[in-house]
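A.B. asks: There's a structure below that I have some questions on.
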Ligand code: BGC
């Protein structure tokens, strides 16, 4: 009897695999057939069990394919700055592979500071190739949440405070990754703007603010970048967890934006089977629970979309419509990546990727202040003193899930030494003791940064050495330890940690040839800014960090980065001022599941659309350094603003043109920025909003025309009454300049 059954089932299998009359293979394997046909064919062959399995994880970073049909597993990887080292199947510890040390690309704040869409594309294809080589189907990035305030722990993984800048840079990154046959997973959707209490926060944001500030970069990544995946965030919106939030996922993302990819949960962001079934989630990852306790390992069968889902369908509680939709999306992603027609290839830690990391890093460094000391004119035999822990500290590790094992990382002092070798003596003093942790997110740095001197002794030694030096380069800032630029917790202070303000002040008194290099992924307080002659903002620059910085210091690279966020002078200047706004109020609501019901913080986005420079300008608060600010070793002139017409109609456009000229002695690039102001709006609007930029490279004396094409989308605000974008006829001002506070030309035009 058993044998007979086996024979019958084998026969059935053979019949189902050879359906077509011509006896060709199944459609889903035919790469020449349209993806949608392949999806339907594969779906029709899958059993209920196979479908349910497809919707949840089988290990920390993978979900099952359909082994019987030869449909491969989905393998995800962090993201967004390089390919994460392998962890065990069911444990976060490093799996101990020796072939997973990657190229580390500059952090996304650095990419944003380049204001260069071509470099974002280069970033995307390079990291896409690294992911492909490591056989990953999904890269967990880019991160496009808005920097709502300077202390956000994950600012460094995002692209600044402006939705337009973040959108323009997210799109080429996504396209680049996907051109390599790897799905970009844009994260964290949405309004994930705090790390402290990130899993116990409900965000109260008005509809206009949501659409004008917090959603545009996601929308651009989906509609213009055609992102194949998106990650739900840990927090709640309108009392519903964002990994299964009906309004965000079903209504906005899938219905309005027509997203046809996969919604992947953030790791552990799913809380409920019914909501996960119905509210737009497709793939459940990282859940810690069997629904009752958090500690169970290998609990994949107990995931919300596993046994409870299967049983719910069997008992008639759920239909199969949602399940088919989830599987269609996952299959589509598989047919776009691992089973695509194109035979994509990857490469790993190659010179081309180092070069890409170098180019992005070098273009991202922002010259904040320069009284003529930079570029350094070091003469033979002179002494250059480097002070500060960040000169020697490896920064690819740390920060949480984006922590990486670098194949190599050139730290700043190595870059400077290599640059000045045979010319100057490069000395080092620690100056302060910051974070000496050797293990971050279970990645080991291998560095021993222990230090036994007291704070006072460290300063004294640095000052003594500074007095004898011809130049002093202080390299400090934040790092990627908890409570710095790091996932899971926000920062607790705006000024630099570890006594650094005192060190910088002491160095400034000891030597007037002092350059301060701040390495961070967030704005920091710089109370000493007036006392030092030169300040550079650097970032977590990855594998080639030290070379990028050295080349800018000596002028081999003319800095052309611009700030992707404002630096308020003091923290109290920033828009987040009340407990309601952050960390929020406990109003008696709880969330989570059964045994870990937790109090929920309600955070009120009372500042509304006034985030970053929109706030400082509305309040007439002068920041220390404004959004878009960044100097150069040359000078530029922006002139001759004009437009092709005085006004335009809603279905048309207007072109605004300026001339930009390099008026200095060295070649360099300027980012010409266009901000728009609505002069007669019926609603409150920012004084100006970024709506265009072009990065222009110019030889000395050279000039170029720059055109900005403006249509109605650049003039619109979101109208919550009609739930749509609206542009009101009237006058607008085009402000064109080299920073939000450096407007050089203005022009008034009309919308009819
Ligand atoms: C982070 C995600 C990350 C995921 C997987 C989560 O804790 O929020 O950004 O991709 O872990 O490591």
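Residue numbers (my numbering): 10 to 761. The beta carbon of each residue, even a glycine, is placed where N, CA and C say it ideally should be.
1. Are there 16 or more other CB atoms within 10 angstroms of the CB of residue 761, so buried, or fewer, so exposed?
2. Per DSSP, residue 647 forms a beta bridge with which residues?
3. What is the DSSP secondary structure of residue 240, reduced to helix, strand or coil?
4. Where residue 749 and residue 544 are concerned, what is the direct C-alpha to C-alpha distance, given to the nearest angstrom?
5. With three or more C-beta pairs closer than 8 Å as the rule, is the stretch 696-712 touching the stretch 670-688?
6. Can the beta-carbon of residue 260 be found less than 8 Å from the beta-carbon of residue 273?
7. Is DSSP giving residue 319 helix, strand or coil here?
8. Over what stretch of residues does the alpha helix (DSSP H) that includes residue 624 continue unbroken?
9. One question on the structure: do residue 580 and residue 592 come within less than 8 Å of each other, judged by their Cβ atoms?
10. In terms of DSSP beta bridges, what is residue 746 paired with?
11. Would you say the beta carbon of residue 204 comes nearer than 7 Å to a heavy atom of the ligand BGC?
12. Which ranges would you report for the beta strand (DSSP E) in the stretch 548-612 if only whole runs of at least 3 residues count?
13. Within 7 Å: the Cβ of residue 496 and any heavy atom of the ligand BGC?
14. My assumption, with CB atoms under 8 Å, is that residue 475 sits in contact with residue 437. Please give the rounded CB distance.
15. Tell whether a beta-carbon distance below 8 Å holds between residue 471 and residue 396.
16. Quick one: Cα of residue 495 to Cα of residue 588, how far?
17. Taking the alpha-carbon positions, what's the residue 216 to residue 729 distance?
18. The beta strand (DSSP E) that contains residue 418, what's its start and end?
19. Please look up how many angstroms separate the CB atoms of residue 756 and residue 743, rounded, as I've assumed it's under 8 Å.
20. For a test of the three-state rule: what should DSSP assign to residue 449, helix, strand or coil?
21. If we count the other Cβ atoms within 10 Å of its Cβ and call it buried at 16 or more, is residue 706 buried or exposed?
22. List the whole-angstrom C-beta distance separating residue 669 from residue 715, where the pair is believed to meet the contact cut-off of C-beta under 8 Å.
23. I'd like to confirm something about residue 730: is its beta-carbon nearer than 7 Å to some heavy atom of the ligand MG, or not?
24. To which residues of the same chain is residue 532 closer than 6 Å at the C-beta, ignoring the five residues directly before and after it?
25. Is it the case that the CB of residue 414 approaches a heavy atom of the ligand BGC more closely than 7 Å?
26. Please indicate yes or no: does the CB of residue 297 lie closer than 7 Å to some heavy atom of the ligand BGC?
27. Under 8 Å between the Cβ atoms of residue 369 and residue 120?
28. At what residues does the beta strand (DSSP E) containing residue 698 begin and finish?
29. By DSSP, does residue 232 sit in helix, in strand, or in coil?
30. Confirm, please, whether the CB-CB distance from residue 98 to residue 144 is below 8 Å.
31. Measuring straight from C-alpha to C-alpha, what distance separates residue 614 and residue 214?
32. With residue 180 and residue 193 assumed to form a contact (beta carbons below 8 Å), what rounded beta-carbon distance in angstroms separates them?
33. At which residues does the alpha helix (DSSP H) containing residue 373 begin and terminate?
34. Less than 7 Å separating the Cβ of residue 88 from some heavy atom of the ligand BGC?
35. Kindly examine the ligand BGC and report whether one of its heavy atoms sits closer than 7 Å to the Cβ of residue 362.
36. Which class does residue 727 belong to by DSSP, given the choice of helix, strand or coil?
C.D. replies: Considering the structure as presented:
1. exposed
2. 669
3. strand
4. Their Cα atoms are separated by approximately 19 Å.
5. yes
6. no
7. Assignment of residue 319 by DSSP, reduced to helix, strand and coil, places it in the helix class.
8. 622-627
9. no
10. 682 and 752
11. no
12. 594-600
13. yes
14. Between residue 437 and residue 475 the Cβ distance is about 12 Å, and since that is not below 8 Å, they are no contact.
15. yes
16. 22 Å
17. 6 Å
18. Note, residue 418: premise wrong, no beta strand (DSSP E); not H, not E.
19. 5 Å
20. The answer is strand: DSSP assigns residue 449 an E or B state.
21. exposed
22. 6 Å
23. The ligand MG is absent from the structure shown, which contains only the ligand BGC.
24. 159, 574 and 576
25. no
26. Answer for residue 297: no, Cβ out of range of the ligand BGC.
27. yes
28. Residues 698-707.
29. helix
30. no
31. 5 Å
32. 10 Å between Cβ atoms; not a contact.
33. In this chain, the alpha helix (DSSP H) harbouring residue 373 covers 360-373.
34. Taking 7 Å as the cut-off, one finds at least one heavy atom of the ligand BGC near enough to the beta carbon of residue 88.
35. no
36. strand
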